[in-house]
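**Q** UniProt numbering puts the first residue of the sequence shown at 1, with every later residue one more than the last. Beta carbons: idealized from backbone N, C-alpha and C, even for Gly. Before I ask anything, let me first share the structure, which is written out below as structure tokens.
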Amino acid sequence: MKSVRIFIVLLITCGLFAAQPAFAAEKPIDHYFFEDVDYDHMAYEEFERFVYADLLDGFKETEVYEEDGEVYEYTSILLKPDKTITRAEFTKMLVSAMNLTSGGIKKSFPDVKPSAWYYDYVQIASSRGIVAGKDDGSFKPNEKITRAQMAVMIYRAFQSTVDFSATGTPFKDVPQKNYAFEAIAKTAGAGIVKGYGDTFKPNNFALRSHAVMLIDRALHQEPGTTDDELAVIQTVDRNVTEELLYSEQQNLEALEALYRETTIGYYLAYSLDSLSLLDDPENSEGSISMVQVGEHSSNLVSLNKRFAEVRVDNLKVHISMSEPDMSFEMTIDISGNAFLKKTEDGTWKIYNIVQDEENSEEMFTSAMTGN
Numbered sequence: 001m002k003s004v005r006i007f008i009v010l011l012i013t014c015g016l017f018a019a020q021p022a023f024a025a026e027k028p029i030d031h032y033f034f035e036d037v038d039y040d041h042m043a044y045e046e047f048e049r050f051v052y053a054d055l056l057d058g059f060k061e062t063e064v065y066e067e068d069g070e071v072y073e074y075t076s077i078l079l080k081p082d083k084t085i086t087r088a089e090f091t092k093m094l095v096s097a098m099n100l101t102s103g104g105i106k107k108s109f110p111d112v113k114p115s116a117w118y119y120d121y122v123q124i125a126s127s128r129g130i131v132a133g134k135d136d137g138s139f140k141p142n143e144k145i146t147r148a149q150m151a152v153m154i155y156r157a158f159q160s161t162v163d164f165s166a167t168g169t170p171f172k173d174v175p176q177k178n179y180a181f182e183a184i185a186k187t188a189g190a191g192i193v194k195g196y197g198d199t200f201k202p203n204n205f206a207l208r209s210h211a212v213m214l215i216d217r218a219l220h221q222e223p224g225t226t227d228d229e230l231a232v233i234q235t236v237d238r239n240v241t242e243e244l245l246y247s248e249q250q251n252l253e254a255l256e257a258l259y260r261e262t263t264i265g266y267y268l269a270y271s272l273d274s275l276s277l278l279d280d281p282e283n284s285e286g287s288i289s290m291v292q293v294g295e296h297s298s299n300l301v302s303l304n305k306r307f308a309e310v311r312v313d314n315l316k317v318h319i320s321m322s323e324p325d326m327s328f329e330m331t332i333d334i335s336g337n338a339f340l341k342k343t344e345d346g347t348w349k350i351y352n353i354v355q356d357e358e359n360s361e362e363m364f365t366s367a368m369t370g371n
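Pasting the structure below:
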């Protein structure tokens, strides 16, 4: 995917600035590039959204190798979509995706120790009635979660924010006496869970890809508000307008502050990484001018309680650059789509911006030719 970043394209293609690791993100940019989920995977969009919005970290694997006497270290991120998911892992995923905090009375489980990585997530989920544990009072955090258990947790978690008035066609392997009957029927009626024809296979273990897809479907059924719509547009417009201004000024402190206030996840890491391309005093001889041509428009594409998409059109910029040994100018169109997530404190932040494919190709061509 190609993101809207004016100066990084120019700087990389023209070689005007050298990269310096001066601006550190909470997570390095390469931790957002996963290798085991292809574009054609059924859950690619959901995985990308969860990874880019910092809802899912994946599994970091590091390989050390030697070449020409030098030792190199390569880190890759794997999502393992076909791997089963434990009750603790799913609880963390659900709590994180919903930005949940502690609710009422927490339930203690003898097999969930305060030192465990999942302790806080289980405590939050229990305080909100999402998890109740086993009949013997335990939680069994490392036990693989079943499709039925997953449906029950999603139903409980979203019962106050998703319309579950419709009831799906009953599955022949989920009788009314089954503890998960209502949850499966209601989540199926809402289009969150799907079966295998007329069966649901409630006792089958769920996969990581299934977990991400189900939570994502539920999240996108929570309605947003008019206030959310206004805040989303304001965030995008501020990011676009101030980025142009500060990029032209090469005001790195202002850019860093802007990115930390308006972006998260992948786009924050990407933005801070790109700042390093400007942070080299040896390149002070050159100049760059960026002037927006006309006015851009920002229109809401989709909005729910926690995610939003905004379409930015007619975002055209005239750029002039000069160096002692070269100069050029061009007008480029960097229109595209911005994707946002509501954070824990209620603010909307951009986790990705995708530039129109045709404009991106034209921009790279123009940068290379100087037209």
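When we look at the beta-carbon of S271 and count the other beta-carbons within 10 Å, is it buried (16 or more) or exposed?
**A** Taking the sequence shown and counting its residues from 1, the one referred to as residue 271 is at position 271. S271 comes out buried.
**Q** Could you tell me which whole beta strand (DSSP E) segments of length 3 or greater appear in the region 264 to 349?
**A** With a minimum length of 3 residues, the continuous beta strand (DSSP E) runs that stay inside the region 264 to 349 are 287 to 293, 297 to 303, 307 to 313, 316 to 323, 326 to 333, 336 to 342.
**Q** Return yes when the Cβ of S298 is within less than 8 Å of the Cβ of D345, no when it is not.
**A** As a working note, residue 345 is residue 345 in the sequence shown. As a working note, residue 298 is residue 298 in the sequence shown. No; because the gap between Cβ atoms is not below 8 Å, this pair is not in contact.
**Q** Can you tell me the Cβ-Cβ gap for L268 and V310, rounded? I've got them flagged as a contact below 8 Å.
**A** Residue numbering aside, residue 268 sits at position 268 when the sequence shown is read from its first letter. Residue numbering aside, residue 310 sits at position 310 when the sequence shown is read from its first letter. Contact doesn't hold; Cβ gap of about 17 Å is too wide.
**Q** Taking the alpha-carbon positions, what's the Q221 to A190 distance?
**A** Position 221 of the sequence shown, counted from the start, is the residue given in the question as residue 221. Position 190 of the sequence shown, counted from the start, is the residue given in the question as residue 190. So the two alpha carbons sit approximately 9 Å from each other.
**Q** Would you be able to state if there are at least three C-beta pairs under 8 Å between the region 203 to 214 and the region 67 to 85?
**A** yes
**Q** So, do the region 116 to 129 and the region 180 to 200 have three or more beta carbon pairs nearer to each other than 8 Å?
**A** Judged by Cβ distances under 8 Å, the region 116 to 129 makes no contact with the region 180 to 200, as fewer than three pairs qualify.
**Q** Given this structure, state the Cα-to-Cα distance separating F90 from L55, to the nearest angstrom.
**A** By one-based count along the sequence shown, residue 90 stands at place 90. By one-based count along the sequence shown, residue 55 stands at place 55. Whole-angstrom Cα-Cα distance: 12 Å.
**Q** Under the three-state reduction of DSSP, which class applies to E63: helix, strand or coil?
**A** Looking up residue 63 in the sequence shown gives position 63. Residue state, collapsed to three classes: strand.
**Q** Could you tell me how far apart the beta carbons of I29 and D273 are, in whole angstroms, since I believe they sit closer than 8 Å?
**A** Along the sequence shown, one-based indexing puts residue 29 at 29. Along the sequence shown, one-based indexing puts residue 273 at 273. Right, the Cβ-Cβ distance comes to about 5 Å (below 8 Å), so this counts as a contact.
**Q** With a CB to CB cut of under 8 Å and the five nearest residues on each side skipped, what residues in its chain are close to R306?
**A** Within the sequence shown, residue 306 is the residue found at index 306, counting from 1. If we look at R306 and ignore the five residues flanking it on each side, its Cβ neighbours are A97, M98, N99, L219, E222, K341, K342.
**Q** What would DSSP say about Y196, mapped onto helix, strand or coil?
**A** The residue you call residue 196 lines up with position 196 of the sequence shown. In the structure shown, Y196 sits in a strand (DSSP, three-state: E or B).
**Q** Determine whether the beta carbon atoms of E111 and F139 lie at a separation below 8 Å.
**A** By 1-based counting over the sequence shown, the position of residue 111 is 111. By 1-based counting over the sequence shown, the position of residue 139 is 139. The sequence given here places Asp at residue 111; Glu does not occur at that position. The answer is yes: Cβ separation under 8 Å.
**Q** Give me the DSSP bridge partner(s) of V71.
**A** Taking the first residue of the sequence shown as 1, we reach residue 71 at position 71. V71 is bridged by DSSP to E66.
**Q** Excluding the 5 residues flanking A157 on each side, which residues of the same chain have their C-beta closer than 7 Å to its C-beta?
**A** Within the sequence shown, numbered from 1, the residue matching residue 157 stands at position 157. Here the set comprises L94, M98, I130.
**Q** With 16 other CB atoms within 10 Å as the buried threshold, where does S302 fall?
**A** Taking the first residue of the sequence shown as position 1, residue 302 is located at position 302. The residue in question, S302, is exposed, as its Cβ has fewer than 16 Cβ neighbours within 10 Å.
**Q** Helix, strand or coil for K186? Go by DSSP, reduced to three states.
**A** On the sequence shown, position 186 is the one that residue 186 refers to. Note: K186 maps to helix in three-state DSSP.
**Q** By Cβ distance below 7 Å, which residues in the same chain neighbour T262 in space, the five residues on each side in sequence not counted?
**A** In the sequence shown, the residue the question calls residue 262 occupies position 262. Within the same chain, T235, R238, N239, K349, I350 come within 7 Å of T262 by CB-CB distance, once the 5 residues on both sides are set aside.
**Q** From the DSSP output, in three-state form, read off T241 for me.
**A** Numbered from 1 along the sequence shown, position 241 holds the residue referred to as residue 241. Helix at T241.
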